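Notes for the one structure printed next.
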Amino acid sequence: MSKPTLSDLRAFMAVAEHRSFRRAADFLGVARPTLSHAIRGLEDSLDVRLFHRTTRSVALTEAGTRLLGRLDPLLHDLDAALEDVTGEQGHLQGQLRINGNDVAIRLLLRTVVPEFLARYPGVELDLVAEGRLVDIVGQGFDAGIRLGEAVPKDMVAVPLGPDIRFLAVASPRYLAQRPAPDVPDALTRHPCIRQRLPSGKRYRWEFSKRGQSVEIDVPGTLTLDSSPLMVEAAIGGLGIAYVPEPYARAALDDGRLVSVLEDWCPRIPGLSLYFPGNRHMPASLRAFIDTIRELRDQFEALAPSTPAVLATSSSAGAKAG
1 MSKPTLSDLR
11 AFMAVAEHRS
21 FRRAADFLGV
31 ARPTLSHAIR
41 GLEDSLDVRL
51 FHRTTRSVAL
61 TEAGTRLLGR
71 LDPLLHDLDA
81 ALEDVTGEQG
91 HLQGQLRING
101 NDVAIRLLLR
111 TVVPEFLARY
121 PGVELDLVAE
131 GRLVDIVGQG
141 FDAGIRLGEA
151 VPKDMVAVPL
161 GPDIRFLAVA
171 SPRYLAQRPA
181 PDVPDALTRH
191 PCIRQRLPSG
201 KRYRWEFSKR
211 GQSVEIDVPG
221 TLTLDSSPLM
231 VEAAIGGLGI
241 AYVPEPYARA
251 ALDDGRLVSV
261 LEDWCPRIPG
271 LSLYFPGNRH
281 MPASLRAFID
291 TIRELRDQFE
301 ALAPSTPAVL
311 ATSSSAGAKA
321 G
């Protein structure tokens, strides 16, 4: 039996992580037939089937799952060791993959990314913006960026900006026709502008005051999947919306919107970069975090004026229904 090469094992890891030969080939920068040939060669050399393949899906076999579990920490440690060697020489190389919501990635592009790429031109920075919360380890990312509430408990978090809050808002014209709610339960008597999350679920509005927490699946005949559109609908008098404060700030300042239940809307932790604490930290990620810390004042100055994304908070993801 011929021994598999490191290239064969990395090909297997890519297909296992992406669950797709096409996506894995794109990730590796090779042709799909080349990748398929490499996997067939690996299976032949090991004399075991690693994937169940259909025209629509790719899934690991039991043997493939065992191999993935053994290879993942080994290859990660190998990559970390190689990065440490190059880092010691002052020439970082390799790829740094970070997953975040759209707002987080925009903030990075305006603050940290230019400085980081100027300092470390040998690092390939792969930033992926998506609304849904993903398993960064399972999807092959070195780090993620989400609201503090969404960071998994087993991850190490580095705060990036100040706390934020969500506000219930309505137009003066709307409130002239109906009494403003004085407690969250009163929202059940109002047409509310509901929010659809990337998962397809609706967000349950959450409020808290003096240790008391309330979740409400508000009524309403209008559902949107965009906070800016929800603000626009509220300005138009279509009901009460519940949005991150920065989205509504301009309309609140000029009187087009009024906040209600404000004493039920406390601040929550803002954006944080997070990564697994039980793995060796790649030198490139350590350098990225150091750059963030050096530019923290610049980052925090932009963060309050940039709307945070509700759809990736733990409350929105886990408690929507």
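Under the UniProt record's numbering, the first residue of the sequence shown carries the number 1, and numbering increases by one thereafter.
Yeah, the Cβ is synthetic: ideal placement off N, Cα and C, and Gly gets one too.
Since the structure is predicted, the reported quantities are computational estimates derived from the model, not experimental observations.
Exposure label - residue i; buried when at least 16 CB within 10 Å
| i | result |
| --- | --- |
| Gln212 | exposed |
| Val183 | exposed |
| Gln89 | Summary for Gln89: the model assigns pLDDT 47, below 50, so the residue's position carries little reliability; its value from the coordinates is reported in the next sentence. Exposed, since its Cβ has fewer than 16 Cβ neighbours within 10 Å. |
| Arg210 | exposed |
| Ser313 | Note that Ser313 scores a pLDDT of 38, beneath 50, so its modelled location is shaky and nothing firm can be said. |
| Gly200 | exposed |
| Pro114 | exposed |
| Gly317 | Confidence is the limiting factor: at Gly317 the pLDDT is only 36, short of 50, which leaves the residue's position unreliable, though a coordinate-based value still follows. Under this definition Gly317 is a buried residue. |
Proximity to residue i [Cα-Cα], best of the options
| i | options | result |
| --- | --- | --- |
| Pro266 | Glu245, Arg97 and Glu124 | Glu245 |
| residue 368 | Asp135, Phe141 and Asp142 | Residue 368 cannot be examined here, being either before or after the span of the chain that is shown, 1 to 321. |
| Ala186 | Ile240, Asp163, Pro162 and Leu160 | Ile240 |
| Ala129 | Gly148, Pro114, Leu67 and Leu109 | Leu109 |
| His37 | Phe21, Asp163 and Asp26 | Phe21 |
| Leu147 | Ala157, Phe141 and Ala63 | Ala157 |
| residue 363 | Arg204, Asp126, Phe288 and Tyr174 | It is not possible to answer for residue 363, since the shown part of the chain is limited to 1 through 321. |
| Thr5 | Pro152, Arg23 and Ile39 | Ile39 |
| Val243 | Glu17, Pro219 and Leu229 | Leu229 |
| Ala16 | Leu117, Arg173, Gly69 and Asp102 | Gly69 |
| Tyr194 | Asp254, Val218, Glu124 and Leu175 | Note on residue identity: the sequence assigns Arg, not Tyr, to residue 194. Checked all of Asp254, Val218, Glu124 and Leu175; the closest Cα to Arg194 is Val218. |
| Thr34 | Arg53, Asp8 and Thr54 | Asp8 |
| Leu271 | Ala233, Glu206, Thr223 and Asp102 | Asp102 |
| Leu222 | Gly237, Glu215 and Asp254 | Gly237 |
| Arg56 | Glu124, Leu78, Gly200 and Arg23 | Arg23 |
| Asp254 | Glu124, Ser171 and His52 | Ser171 |
| Ile216 | Arg204, Leu175 and Arg53 | Arg204 |
| Asp263 | His52, Val231, Ser227 and Ser208 | Ser208 |
Own chain, CB closer than 8 Å to residue i, minus 5 neighbours either side, in chain order
| i | result |
| --- | --- |
| Ser259 | Leu167, Ala168, Val169, Ala248, Leu252 and Cys265 |
| Phe72 | Note that residue 72 is Asp in the sequence shown, not Phe. Taken in chain order, the residues that qualify are Met13. |
| Tyr120 | Leu92, Ser284 and Ala287 |
| Leu75 | Leu9, Arg10 and Met13 |
| Ala233 | Ile193, Leu222, Leu224, Gly239 and Ala241 |
| Leu175 | Val258 and Val260 |
| Val231 | Val169, Ala241, Val243, Tyr247, Ala248, Ala251 and Leu257 |
Integer Cβ distance of residue i from residue j, believed to fall under 8 Å
| i | j | result |
| --- | --- | --- |
| Gly100 | Ile145 | 3 Å |
| residue 363 | Val58 | Nothing about residue 363 can be reported from this structure: the residues present for the chain run from 1 to 321 only. |
| Ile235 | Leu257 | 6 Å |
| Leu273 | Leu160 | 6 Å |
| Gly138 | Pro198 | Going by Cβ atoms, the distance from Gly138 to Pro198 rounds to 18 Å, so no, they are not a contact pair. |
| Ile164 | Ile268 | 6 Å |
| Thr65 | Leu295 | In fact, because the Cβ distance is near 41 Å, the residues do not count as touching under 8 Å. |
Alpha helix (DSSP H) segment containing residue i, residue limits
| i | result |
| --- | --- |
| Thr291 | Ala283 to Glu294 |
| Ser36 | Arg32 to Leu46 |
| Pro244 | Per DSSP, Pro244 belongs to no alpha helix (DSSP H); it is in the beta strand (DSSP E), Ile240 to Pro244. |
| Tyr174 | Pro172 to Gln177 |
| Pro114 | Val112 to Arg119 |
| Ile145 | No alpha helix (DSSP H) holds Ile145; the beta strand (DSSP E) holding it covers Ala143 to Leu147. |
| Ser227 | Ser227 to Ile235 |
Residue range of the unbroken beta strand (DSSP E) whose run includes residue i
| i | result |
| --- | --- |
| Val218 | No beta strand (DSSP E) holds Val218; DSSP gives it neither H nor E. |
| Pro159 | Met155 to Pro159 |
| Ile193 | Cys192 to Gln195 |
| Phe207 | Trp205 to Lys209 |
| His52 | Phe51 to Arg53 |
| Leu60 | Val58 to Leu60 |
| Ile98 | Gly94 to Gly100 |
| Glu124 | Val123 to Ala129 |
| Ser259 | Val258 to Val260 |
| Ala25 | Taken as a continuous stretch (DSSP letters only), Ala25 belongs to no beta strand (DSSP E), being part of the alpha helix (DSSP H) at Phe21 to Leu28. |
| Ser7 | Segment Leu6 to His18 is the alpha helix (DSSP H) holding Ser7; no beta strand (DSSP E) there. |
| Leu271 | Leu271 to Pro276 |
Same chain, Cβ closer than 7 Å to residue i, neighbours up to 5 away in sequence not counted
| i | result |
| --- | --- |
| Gly122 | His91, Leu92 and Gln93 |
| Asp142 | Leu96, Arg97, Ile98, Phe275, Pro282 and Leu285 |
| Val48 | Ala63 |
| Glu43 | Arg49 and Leu50 |
| Pro181 | Leu187, His190, Val260 and Leu261 |
| Leu155 | For clarity, residue 155 is Met in the given sequence; the question names Leu instead. Same-chain partners within the cutoff: Tyr274, Phe275, Pro276 and Gly277. |
| Arg173 | Gly237 |
| Thr61 | Arg49, Leu50, Phe51 and His52 |
6 Å CB neighbourhood of residue i in its chain, flanking five on each side removed
| i | result |
| --- | --- |
| Pro179 | none |
| Asp225 | Arg196 |
| Pro191 | Gly220 and Gly239 |
| Asp67 | One detail in the question is off: residue 67 reads as Leu in this sequence, not Asp. Nothing listed; no residue qualifies. |
| Ala25 | Arg32 and Leu35 |
| Ala104 | Ile145 and Leu271 |
| Gly140 | Glu17 |
| Glu124 | Gln95 |
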